[in-house]
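Novice: Handing you a structure now.
Protein chains: 2
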Amino acid sequence: MDILKYFKFEDVGKRLEDLETPVPVIDIDVVLRNLTRWQARCDAKGFANRPHIKTHKLVPLALAQIELGAKGITVQKLGEAEVMAAGGITDMLLTFNVVGGHKLQRLADLMRRTEIKVVADNADVLDGLSHAAAQAGRDLTVLVECDTGAGRNGVQAPEAAAVLAKAIDAAPGLVFGGLMTLPKNGARGQMAAFLDDAAARLSRAGLDAATISTGGSPDMWKDEGLAHINEYRAGTYIYYDRSQVAAGAAAYDDCALSVLTTVVSTPTTDRAMIDAGSKALTSDLLGMEGYGEVRSLGGARVYNMSEEHGFLDVSKHNDKPKVGDLVRITPNHVCPVTNLFDKVIFVRGEEVLGAVKVDARGTVQ
Amino acid sequence: MDILKYFKFEDVGKRLEDLETPVPVIDIDVVLRNLTRWQARCDAKGFANRPHIKTHKLVPLALAQIELGAKGITVQKLGEAEVMAAGGITDMLLTFNVVGGHKLQRLADLMRRTEIKVVADNADVLDGLSHAAAQAGRDLTVLVECDTGAGRNGVQAPEAAAVLAKAIDAAPGLVFGGLMTLPKNGARGQMAAFLDDAAARLSRAGLDAATISTGGSPDMWKDEGLAHINEYRAGTYIYYDRSQVAAGAAAYDDCALSVLTTVVSTPTTDRAMIDAGSKALTSDLLGMEGYGEVRSLGGARVYNMSEEHGFLDVSKHNDKPKVGDLVRITPNHVCPVTNLFDKVIFVRGEEVLGAVKVDARGTVQ
């Protein structure tokens, strides 16, 4: 597959040394390998792949995911959906309750030009969804979001899932489309028990849960509970990150994105200061020590951050980085990192291919 | 002072209910009160006020700070300097080592149209600064950044400050401009001892530390060590936030910015889910519990976050928020929050004045 055909790169030079730092640098070959491997797993397991574009927010990569076999995409907010729709993508699932007049109007607008589906986890949002369907002049498919252990959004019990499914089925303009959940990490057994119970109740009520959708990159390679679903949503797997390596979902060689930084100061022999802080790496810890690490320095950690400063612990390194050196940080959590930058850089190994605008960054809510 | 004259608001309706969430909402009257109070303190203490615009990143507010008496502004990166220069602001201090060819070129460009000063904390960066001065065809004033206890950038000892000051003085095109530090919170005594020692050494070397610049909003109202400085840089004080209240630097009524969110789900009686997560509030903890709190709900906390979900603990509240309710979150750390949004909303009490673009958000590094 020629993934480059989807890109129009801005020329920013050919070498890493030509780039302004800090900036995310993404290896397109690693991206393609990650996408191909995950699609093959979906195909082997027989479920639909519906990648979450919140991680990359790039139309070119969403188009590549679809060419590789994804059924459609997942979006987390209307702004992402609008950008992807403008990029020609029509099959999308919005995994967030749509609440509020402006947002329902925007949903109706999207319904006129895409096959967007949504979720709901409470009956209070159904009136608004019915209203959007009426405005769009067509039916809206709604999945019931289930809290199967993660303690986030979602109905709390299989009984409640069945009750809400019936309410959707009865609501004007709405079509019950199935069940959706983001399980607790490592607890897909719990998820499966919930979904089975809910599906049985739905069946008795004469309702068909056409889609049973789960998600999450950390557990994607584990088989537990997968026999109970027919759709998988994952985002981070396109780039991976330090937290995914810690979770055993990837190796460091699978991490496609690093943040290129410059050493700007070496105040002590143990401390190198880089020009990337919380406004470049985010302060997401995800249970780990430090805010990122440098593979080329044997895992040296960003042990502290200000907004524009990263504090790199080089106490264990004989070959200390010097002022002006470029250092690539593997971030803890890659999704909010790309959200901080207007542009990201694609590379192939050490060769810079060019910059692209992060299409859906900072789009209206 | 008519602070509104600096703004060109985009009309987004007049009521909070008209807004799309999540979005930062800033009370202009509280901003003006915070700015006026801080300028009065600077005037009473006899030091120059050089506010850090990293917090607001808005040309209109920088212009208001200057009209109120600020000598100039502080910026943390060239992108901020360029935006402020385009807005007509010429007196600025860039408190970050400038490293790399592109950045030195941009510094030279700024020198041609502004009175920008910079800092340095090591001799390796001086060649580049001299080169920028030569390109600009004028001298560049450089302050020595001192690590007086914060453990970030900065020379480590007064001796080193004097050595670097002499190197600046001797470098072609560079003028030694004084000392700059961001002290450790609560440790301005340590700062004063360092600066006094350095100033004495400079004096013996025949060098004049014209500017002695300190900073930090948390300690701005404490007197310790202030007799040793003649310039103060603070950013957060324009808006304040939960961490500043925790530090005793402000009351909640001084917090000008909150993030307006919508309750999208109430999965349990103890949990209300809002449409603002780490991509709206950041995951900055700054030593506190939770990621923000709701004053109108007696300090109810955002106890967990996903990227687009906030988990609000309403276990202690009898009057539970309902789906569709608007909830205003006081964030832990306001600076990285405004950096996440393309636009922010200004209000006067409950009246919406309009939206403005965050001028220096996402500007090139």
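Here the protein sequences line up with chains S and Y, keeping their order. Under the numbering used here, the residue at position 87 of the first sequence is numbered 87, and the numbers go up by one with no gaps. All you need for the numbering used here is the position in the second sequence, starting with 1, plus 365. All C-beta atoms in this analysis are idealised placements derived from N, C-alpha and C, irrespective of residue type, glycine included. In this text the structure is predicted, and so the values were computed from the model without any measurement.
Taking three-plus beta-carbon pairs below 8 Å as touching, is the region 440-455 of chain Y in contact with the region 415-431 of chain Y?
Specialist: yes
Novice: Just the Cα atoms here: how many angstroms apart are Cys-42(S) and Thr-262(S)?
Specialist: 39 Å
Novice: Just how far apart, CA to CA, sit Met-449(Y) and Glu-432(Y)?
Specialist: 15 Å
Novice: Compare the C-beta of Asn-97(S) against all C-beta atoms of chain Y and say whether one is closer than 9 Å.
Specialist: yes
Novice: Name, in chain order, the residues that DSSP records as bridge partners for Leu-625(Y).
Specialist: Val-388(Y) and Arg-693(Y)
Novice: Quick one: residues in its chain with C-beta nearer than 6 Å to the C-beta of Glu-82(S), no 5 flanking neighbours on either side, listed in chain order?
Specialist: none
Novice: Since I believe Ser-680(Y) is in contact with Asp-619(Y) (beta carbons under 8 Å), could you give me their beta-carbon distance rounded to a whole number of angstroms?
Specialist: Contact flag wrong, Cβ pair sits at about 28 Å.
Novice: On the DSSP letters alone, give me the boundaries of the beta strand (DSSP E) that Lys-279(S) sits inside.
Specialist: Counting along the chain, Lys-279(S) falls outside any beta strand (DSSP E), though it belongs to the alpha helix (DSSP H) covering 278-281.
Novice: Applying a beta-carbon distance threshold of less than 7 Å, which residues of chain Y neighbour Lys-357(S)?
Specialist: By Cβ distance, chain Y contributes nothing, its closest Cβ being about 11 Å from Lys-357(S), past 7 Å.
Novice: May I ask you to list, following chain order, the residues of the region 659-685 of chain Y that have a beta carbon less than 9 Å from some beta carbon of chain S?
Specialist: Asn-669, Ser-671, Glu-672, Glu-673, His-674 and Phe-676
Novice: Can you pull the chain S residues whose beta carbon is under 8 Å from the beta carbon of Asp-489(Y), in chain order?
Specialist: Lys-322, Val-323 and Gly-324
Novice: Under 7 Å between beta-carbons, which chain S residues line up against Val-729(Y)? List them in chain order, please.
Specialist: Glu-20
Novice: Buried or exposed for Arg-301(S), going by 16 or more other Cβ atoms inside 10 Å?
Specialist: buried
Novice: Using only alpha-carbon positions, find the residue among Leu-94(S), Ser-278(S) and Val-125(S) that is nearest to Leu-110(S).
Specialist: Among Leu-94(S), Ser-278(S) and Val-125(S), the Cα nearest to that of Leu-110(S) is on Leu-94(S).
Novice: Could you give the DSSP three-state label for Cys-511(Y): helix, strand or coil?
Specialist: The answer is strand: DSSP assigns Cys-511(Y) an E or B state.
Novice: So, for Glu-654(Y): in the same chain, excluding its five sequence neighbours on each side, which residues have a beta-carbon less than 7 Å away from its beta-carbon?
Specialist: Excluding residues up to 5 positions away in sequence, Arg-666 lie with their Cβ nearer than 7 Å to the Cβ of Glu-654(Y) in the same chain.
Novice: Over the uninterrupted beta strand (DSSP E) stretch that includes Gly-215(S), give me the two end residues.
Specialist: First-last of the beta strand (DSSP E) with Gly-215(S): 211-215.
Novice: Listing by chain order, which chain S residues have their CB less than 9 Å from the CB of Met-638(Y)?
Specialist: Scanning chain S for C-beta atoms nearer than 9 Å to the C-beta of Met-638(Y) yields Asn-97, Asp-121, Arg-152 and Asn-153, reported in chain order.
Novice: For Tyr-237(S), which of helix, strand or coil comes out of DSSP?
Specialist: helix
Novice: Chain Y partners of Lys-166(S), CB-CB under 9 Å?
Specialist: Result: empty, since nearest Cβ-Cβ is about 19 Å, beyond 9 Å.
Novice: Just checking my contact of Glu-524(Y) with Arg-566(Y) at CB under 8 Å: how many whole Å lie between their CB atoms?
Specialist: The Cβ separation is near 7 Å, so the contact holds.
Novice: Is it a yes or a no for the region 277-287 of chain S touching the region 316-324 of chain S, going by three-plus beta-carbon pairs under 8 Å?
Specialist: no
Novice: Between the Cα of Ile-594(Y) and the Cα atoms of Gln-500(Y), Pro-425(Y), Ser-623(Y) and Asn-414(Y), which residue gives the shortest distance?
Specialist: Asn-414(Y)
Novice: Here's a check: name, in chain order, each residue in its chain whose Cβ is nearer than 7 Å to the Cβ of Pro-336(S), leaving out the five neighbours to either side.
Specialist: Thr-282 and Asp-284
Novice: Of all the alpha helix (DSSP H) runs that stay within the bounds of the region 303-354 of chain S, which reach a length of 4 or more residues?
Specialist: 334-338
Novice: What's the C-alpha gap between Phe-461(Y) and Glu-510(Y)?
Specialist: 9 Å
Novice: With H, G and I counted as helix, E and B as strand and the rest as coil, what does DSSP make of Tyr-6(S)?
Specialist: Correct three-state label for Tyr-6(S): helix.
Novice: Check the Cβ-Cβ distances between Val-448(Y) and every residue of chain S, and say whether any is below 9 Å.
Specialist: no
Novice: So which residues on chain Y does Gly-100(S) lean against when the C-beta distance must stay under 8 Å?
Specialist: Glu-385, Thr-386, Thr-627 and Gly-689
Novice: From this set, Arg-152(S), Ala-250(S), Ile-238(S) and Ser-265(S), which residue's C-alpha is nearest Asp-121(S)'s C-alpha?
Specialist: Arg-152(S)
Novice: Could you name each continuous beta strand (DSSP E) segment of 3 residues or more that falls completely within the region 7-85 of chain S, going from the start of the chain to the end?
Specialist: 23-27 and 73-75
Novice: Can you tell me the Cα-Cα spacing of Asp-512(Y) and Ala-558(Y), whole angstroms?
Specialist: 12 Å
Novice: Answer yes or no: does any C-beta atom of chain S fall closer than 9 Å to that of Leu-322(Y)?
Specialist: Beyond the ends of chain Y as shown, which are 366 and 730, falls residue 322(Y); an answer cannot be given.
Novice: Excluding the five sequence neighbours on either side, which residues of its own chain have a C-beta within less than 8 Å of the C-beta of Ser-671(Y), listed in chain order?
Specialist: Gly-642 and Ser-643
Novice: Helix or strand or just coil, what does DSSP make of Glu-524(Y)?
Specialist: helix
Novice: From what residue to what residue does the alpha helix (DSSP H) around Arg-242(S) run?
Specialist: Segment 242-246, the alpha helix (DSSP H) holding Arg-242(S).
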